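2 protein chains.
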Amino acid sequence: MMQTPLVLTDFVKRAERYFPKKLIISRTSETMIHRITYKEFGQRTRKLSEALTKLGMTKGTKVGSLAWNHHRHLEAYFGVPCAGAILHMINIRLSPEHIVYIINHAEDEILLVDSDIFPLIAQAAPLLKTVKHFVVMQDGTDLPETNLENVHSYEKLLEEASDSYEFPDDLEENMPAGMCYTSATTGFPKGVVYTHRSLVLQSLAIGLADSLGIRESDVAMPVVPMFHVNAWGMPFAAVNFGTTQVLPGPMFNPQLLLDLIEREKVTLTAGVPTIWLGVLNEQERNPRDLSSLRVIVCGGSASPKGLIRAFEEKYKVPFIVGYGMTETTPLVSLSTYTTEMENWSMDDKINIRATQGLTTSLIETRVVNENGEVPWDGQTMGELTVRGPWVADEYYKDDRTEEAFKNGWLYTGDIAVMTPEGYLKITDRTKDLIKSGGEWISSVDLENALMTHEAVFEAAVIAIPDEKWQERPLACVVLKEGSDVSKEELLSYLEGQFAKWWVPDSVVFLKEIPKTSVGKFLKEKLRNEMKEYQL
Amino acid sequence: MMQTPLVLTDFVKRAERYFPKKLIISRTSETMIHRITYKEFGQRTRKLSEALTKLGMTKGTKVGSLAWNHHRHLEAYFGVPCAGAILHMINIRLSPEHIVYIINHAEDEILLVDSDIFPLIAQAAPLLKTVKHFVVMQDGTDLPETNLENVHSYEKLLEEASDSYEFPDDLEENMPAGMCYTSATTGFPKGVVYTHRSLVLQSLAIGLADSLGIRESDVAMPVVPMFHVNAWGMPFAAVNFGTTQVLPGPMFNPQLLLDLIEREKVTLTAGVPTIWLGVLNEQERNPRDLSSLRVIVCGGSASPKGLIRAFEEKYKVPFIVGYGMTETTPLVSLSTYTTEMENWSMDDKINIRATQGLTTSLIETRVVNENGEVPWDGQTMGELTVRGPWVADEYYKDDRTEEAFKNGWLYTGDIAVMTPEGYLKITDRTKDLIKSGGEWISSVDLENALMTHEAVFEAAVIAIPDEKWQERPLACVVLKEGSDVSKEELLSYLEGQFAKWWVPDSVVFLKEIPKTSVGKFLKEKLRNEMKEYQL
Numbered sequence: 001m002m003q004t005p006l007v008l009t010d011f012v013k014r015a016e017r018y019f020p021k022k023l024i025i026s027r028t029s030e031t032m033i034h035r036i037t038y039k040e041f042g043q044r045t046r047k048l049s050e051a052l053t054k055l056g057m058t059k060g061t062k063v064g065s066l067a068w069n070h071h072r073h074l075e076a077y078f079g080v081p082c083a084g085a086i087l088h089m090i091n092i093r094l095s096p097e098h099i100v101y102i103i104n105h106a107e108d109e110i111l112l113v114d115s116d117i118f119p120l121i122a123q124a125a126p127l128l129k130t131v132k133h134f135v136v137m138q139d140g141t142d143l144p145e146t147n148l149e150n151v152h153s154y155e156k157l158l159e160e161a162s163d164s165y166e167f168p169d170d171l172e173e174n175m176p177a178g179m180c181y182t183s184a185t186t187g188f189p190k191g192v193v194y195t196h197r198s199l200v201l202q203s204l205a206i207g208l209a210d211s212l213g214i215r216e217s218d219v220a221m222p223v224v225p226m227f228h229v230n231a232w233g234m235p236f237a238a239v240n241f242g243t244t245q246v247l248p249g250p251m252f253n254p255q256l257l258l259d260l261i262e263r264e265k266v267t268l269t270a271g272v273p274t275i276w277l278g279v280l281n282e283q284e285r286n287p288r289d290l291s292s293l294r295v296i297v298c299g300g301s302a303s304p305k306g307l308i309r310a311f312e313e314k315y316k317v318p319f320i321v322g323y324g325m326t327e328t329t330p331l332v333s334l335s336t337y338t339t340e341m342e343n344w345s346m347d348d349k350i351n352i353r354a355t356q357g358l359t360t361s362l363i364e365t366r367v368v369n370e371n372g373e374v375p376w377d378g379q380t381m382g383e384l385t386v387r388g389p390w391v392a393d394e395y396y397k398d399d400r401t402e403e404a405f406k407n408g409w410l411y412t413g414d415i416a417v418m419t420p421e422g423y424l425k426i427t428d429r430t431k432d433l434i435k436s437g438g439e440w441i442s443s444v445d446l447e448n449a450l451m452t453h454e455a456v457f458e459a460a461v462i463a464i465p466d467e468k469w470q471e472r473p474l475a476c477v478v479l480k481e482g483s484d485v486s487k488e489e490l491l492s493y494l495e496g497q498f499a500k501w502w503v504p505d506s507v508v509f510l511k512e513i514p515k516t517s518v519g520k521f522l523k524e525k526l527r528n529e530m531k532e533y534q535l
Numbered sequence: 001m002m003q004t005p006l007v008l009t010d011f012v013k014r015a016e017r018y019f020p021k022k023l024i025i026s027r028t029s030e031t032m033i034h035r036i037t038y039k040e041f042g043q044r045t046r047k048l049s050e051a052l053t054k055l056g057m058t059k060g061t062k063v064g065s066l067a068w069n070h071h072r073h074l075e076a077y078f079g080v081p082c083a084g085a086i087l088h089m090i091n092i093r094l095s096p097e098h099i100v101y102i103i104n105h106a107e108d109e110i111l112l113v114d115s116d117i118f119p120l121i122a123q124a125a126p127l128l129k130t131v132k133h134f135v136v137m138q139d140g141t142d143l144p145e146t147n148l149e150n151v152h153s154y155e156k157l158l159e160e161a162s163d164s165y166e167f168p169d170d171l172e173e174n175m176p177a178g179m180c181y182t183s184a185t186t187g188f189p190k191g192v193v194y195t196h197r198s199l200v201l202q203s204l205a206i207g208l209a210d211s212l213g214i215r216e217s218d219v220a221m222p223v224v225p226m227f228h229v230n231a232w233g234m235p236f237a238a239v240n241f242g243t244t245q246v247l248p249g250p251m252f253n254p255q256l257l258l259d260l261i262e263r264e265k266v267t268l269t270a271g272v273p274t275i276w277l278g279v280l281n282e283q284e285r286n287p288r289d290l291s292s293l294r295v296i297v298c299g300g301s302a303s304p305k306g307l308i309r310a311f312e313e314k315y316k317v318p319f320i321v322g323y324g325m326t327e328t329t330p331l332v333s334l335s336t337y338t339t340e341m342e343n344w345s346m347d348d349k350i351n352i353r354a355t356q357g358l359t360t361s362l363i364e365t366r367v368v369n370e371n372g373e374v375p376w377d378g379q380t381m382g383e384l385t386v387r388g389p390w391v392a393d394e395y396y397k398d399d400r401t402e403e404a405f406k407n408g409w410l411y412t413g414d415i416a417v418m419t420p421e422g423y424l425k426i427t428d429r430t431k432d433l434i435k436s437g438g439e440w441i442s443s444v445d446l447e448n449a450l451m452t453h454e455a456v457f458e459a460a461v462i463a464i465p466d467e468k469w470q471e472r473p474l475a476c477v478v479l480k481e482g483s484d485v486s487k488e489e490l491l492s493y494l495e496g497q498f499a500k501w502w503v504p505d506s507v508v509f510l511k512e513i514p515k516t517s518v519g520k521f522l523k524e525k526l527r528n529e530m531k532e533y534q535l
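Chains P and Z are the protein sequences, given in the same order. Under the UniProt record's numbering, the final residue of the first sequence carries the number 535; numbering is consecutive throughout. Under the UniProt record's numbering, the final residue of the second sequence carries the number 535; numbering is consecutive throughout.
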């Protein structure tokens, strides 16, 4: 068989060749909507490759991006790796200190920066040890006022580039193509390097009919940021399949997302639960036509069943929960149904949807405890381990590699059970698990149950030190606006659903739950805040 | 990223793990229907690996199969390559001389043979230079009467094998997994070796929503023989996705296929046009419930538009034409629709369906003539060339490699045009093209047009030597039973549809068109038979 490599270049060429008229709809500010065709995308991507090459980009150069979801970022998704360089997608929600660290650690030489993020970077510039050029992504060729040298206008660079750039044809599939850093429990973020092979294979995986089935006829809107784990791979796959893309730009809100869904007839969209909670709220107040939607994908943290039920029952939109992490490119599993579930009750189906789902083709998962793989009983907890061709085997130049990568498996730090059907169900992070009297209590299960209560907006359950039981659960609850419920009512609401010793010892009501840069509960902070709490 | 290899072993493990209760429905004779689960399939496959290992199979051993579509053949599809050996699927419709040649050429050491094919092989046995063991595939453990030594019962071997066989975990993705031989215009068949990587990648490709979208909820019936180009990859993909399989066994007829479709609620089936012509005929006479069918896949030779129209319009079954060859594993393209065709007329849509379709992900195609790639005008003919990770780069130990593999591309020997939408349309084999007065005439286009005439069952158009024009077309026509039409009527039927110089000079009526072992017109034979014909 031919040793044709699996490289992203083929995706651009396929889009240019077979889908030149299909559209990328991109929002770069609150008012600017750009519509470019895949033909134009191809030309602009080639120009970007040429322009960056002129700035000194060569094979293996790291190019950082600090940008929202828009067509220029998409051009960078291909223009950088297809020239043999590496796109380092920088999470702009990290602290400035961490952003400086990862740019230096990755040794980025060029930064592609959205105009609204540029001031932050300009300020940090003296600390950046390897950056030689700043390219400002904005409409038009104006440049922001700055004392920095080597600041370029993205559009000006493209204007000056020729049309004739050809991607190098000697790329190998195991060459690095992208990088993301993921927050660590302690210390600086850890880097993961994606190869062309891993990104191509994952793109095929999300095109499978039994997965997201992303296809030419889709209108795909990744709400998950393009600076976060490849926007779950959607932009890569969409280019290969010639899918219409809607990139919602900076500072979007639920209203804007719903407007885009209705106006652009979005069929497939993906984001974290917080996004969909907000969208659901807005939709209840001011309903839009959601009939174009074929699937909402949700991941990043546990999805409340009430959220799933609302979309599935009321709006008839399949709401699929997925699991993955920066280390896994990220697709590991999706809560799609199998035929055995066809005649299940709605309740049972929603229960399946709320799991992290069935492991995708080419990926292996095992939930393991000290006895090996846990039984598929929906109860026995263990740590989720993952293996496969788009799973990292190390952190980039980082000693913490050995904590997570053992015996050819990635140890995810997530605690999970296996349902009898073989679906993964995350019950906790290793570090968030509550260990009470030698037994494990899942904070996520308790949170999900609390969030089904009509008065509860959000709930986080954390461990509080306890002399007798080592740890006991404490529920931290944010109520819905205008709602009211007592501590006792909430606890008795849980009593029917869990073993007595699982029920939290108390409830505290908060205005908000602290969250990470990507919207996950920041339980470490919560535990610190509650350190002094007396049960 | 982890260097997890793309190997077929993962498919078996996935089916065993996630789809143990799903069924393989297999017909081994006209009366015997076997239903085994994927759990049993996994056990039997592992036992087969062990049993063949005991017979001397080791890494790289070639194991030939001479078998119809049934569960034992499916077990061999995995039990041989997952043990590191190579399954040589032997086309039982080749001449005995060619069968002997390819067994010797491949150096098969073990043959897995259906009981009804065994007498043929027993007779040829003295000519087989490398075969050490014959394993007879049939229900029960009886053996046919024979003087041959080393004849084993498949079921007996499995009975004696243990349950504990583990597939080797050191397989590499570029290791050979399978072999098929393809007929050559002259000389002996040419061998193609498939690797684990090529078979895994093609399996993903046919699982894509934009391709066949084969999925867990499908009931897939490959009618295309498992001895012919991996049964177009369906059995491999079906195991990975946990798809229910219906394997129709030996000596099936249209009636049996329709019975299986209706009874087993087949959703996806694949075969050559001759099969679907027969099925359509039978359905018209004795209609069955076809409502379970989601798609019929047709390939191997051009599909008459009348056939496509009947299934699409009358029976509401999408009828997708595909293109591929032994050298391409085989999937190259499929005549699926894109969004731009949504509002097209039925006629225009049928015209698209009748093309060989849009090139699939990861595969590159180019139709080239002496000026390079042909324009996408639906008219300019050139030779189709193909490149990609499941395209062969050589014939196995064969000097004819250099005729077909040039500059990294496979030269298919098929003449094609490109439609304005980028769909491939095969107009001829290089050797069947009619060259008249310096211009090319497509025999396939003329045949397709003739076959839309209500009196015509089959038509082949061939070149006849001509003093003035070098060659002129002659139509060879088989009429439908009880139909009648004159030569003049048929020619005037064509006159409205083609340039005057394309219209054949005459028509001869035949009882049948000679065909190859896989149902394609044997035009070389026809040309020889017509050599003396005077226009």
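Beta carbons are placed, not taken as given, at the ideal position from N, Cα and C, and that holds for glycine. Predicted, not measured: the structure shown is a model, and the values here were computed from it.
Beta-carbon neighbours of residue i, restricted to chain Z and to distances below 7 Å
| i | result |
| --- | --- |
| Met418 of chain P | Within 7 Å Cβ-Cβ: nothing; Met418 of chain P doesn't reach chain Z, min ~10 Å. |
| Phe241 of chain P | Asp210 |
| Ser198 of chain P | Met1 |
| Thr45 of chain P | Per Cβ cutoff of 7 Å: no residues; Thr45 of chain P is ~18 Å from chain Z at best. |
Segment limits, beta strand (DSSP E) that includes residue i
| i | result |
| --- | --- |
| Val444 of chain Z | Looking at the DSSP string, Val444 of chain Z is not in any beta strand (DSSP E); the run it does join, the alpha helix (DSSP H), is 443–451. |
| Tyr194 of chain Z | 190–195 |
| Arg263 of chain Z | Here Arg263 of chain Z belongs to no beta strand (DSSP E); instead the alpha helix (DSSP H) covers 254–264. |
| Tyr323 of chain Z | 319–323 |
Option in the options with minimal Cα separation from residue i
| i | options | result |
| --- | --- | --- |
| Gly140 of chain Z | Z:Ala499, Z:Leu120, Z:Asp114, Z:Ile121 | Z:Asp114 |
| Phe134 of chain Z | Z:Lys435, Z:Gly299, Z:Leu52, Z:His196 | Z:Leu52 |
| Ser361 of chain P | Z:Asp377, Z:Leu446, Z:Ser203, Z:Met251 | Z:Ser203 |
| Gly64 of chain P | P:His70, P:Ile33, P:Ile103, P:Ser29 | P:Ile103 |
| Met530 of chain Z | Z:Asp466, Z:Val367, Z:Leu490 | Z:Asp466 |
| Arg472 of chain P | P:Arg46, P:Ile441, P:Glu50, P:Gly482 | P:Ile441 |
| Arg215 of chain Z | Z:Val386, Z:Leu268, Z:Thr45 | Z:Leu268 |
| Leu74 of chain P | P:Phe227, P:Thr419, P:Phe509, P:Glu327 | P:Phe227 |
| Cys180 of chain Z | Z:Val374, Z:Val332, Z:Met325, Z:Asn407 | Z:Met325 |
| Met137 of chain P | P:Glu340, P:Glu532, P:Leu48 | P:Leu48 |
Chain P contact residues for residue i, given Cβ-Cβ distances below 8 Å
| i | result |
| --- | --- |
| Pro225 of chain Z | Neighbours of Pro225 of chain Z on chain P: none; closest Cβ ~22 Å, over 8 Å. |
Contact under 8 Å by Cβ, residue i with residue j
| i | j | result |
| --- | --- | --- |
| Val12 of chain Z | Gly56 of chain Z | no |
| Lys435 of chain Z | Gln470 of chain Z | yes |
| Ser301 of chain P | Lys500 of chain P | no |
Beta-bridge pairing of residue i - partner residues as DSSP gives them
| i | result |
| --- | --- |
| Phe521 of chain Z | Z:Lys515 |
| Thr182 of chain Z | Z:Lys190 |
| Glu471 of chain P | P:Pro465 |
| Arg387 of chain P | P:Glu364 |
Chain P contact residues for residue i, given Cβ-Cβ distances below 7 Å
| i | result |
| --- | --- |
| Thr4 of chain Z | Arg387, Gly388, Pro389 |
8 Å Cβ cut-off: residues of chain Z touching residue i
| i | result |
| --- | --- |
| Arg17 of chain P | Gly422 |
| Ile353 of chain P | The identity of residue 353 of chain P in the sequence shown is Arg, whereas the question assumes Ile. Chain Z residues near Arg353 of chain P: none, gap ~16 Å exceeds 8 Å. |
Within chain Z, the residues that residue i reaches when beta carbons sit closer than 9 Å
| i | result |
| --- | --- |
| Tyr194 of chain P | Met1 |
| Leu204 of chain P | Leu201, Leu204, Ala205, Gly207, Leu208, Ser361, Leu362 |
Residues that residue i contacts on chain P, provided the C-beta gap is smaller than 9 Å
| i | result |
| --- | --- |
| Gly213 of chain Z | Leu208, Ala209, Asp210, Gly213, Arg215 |
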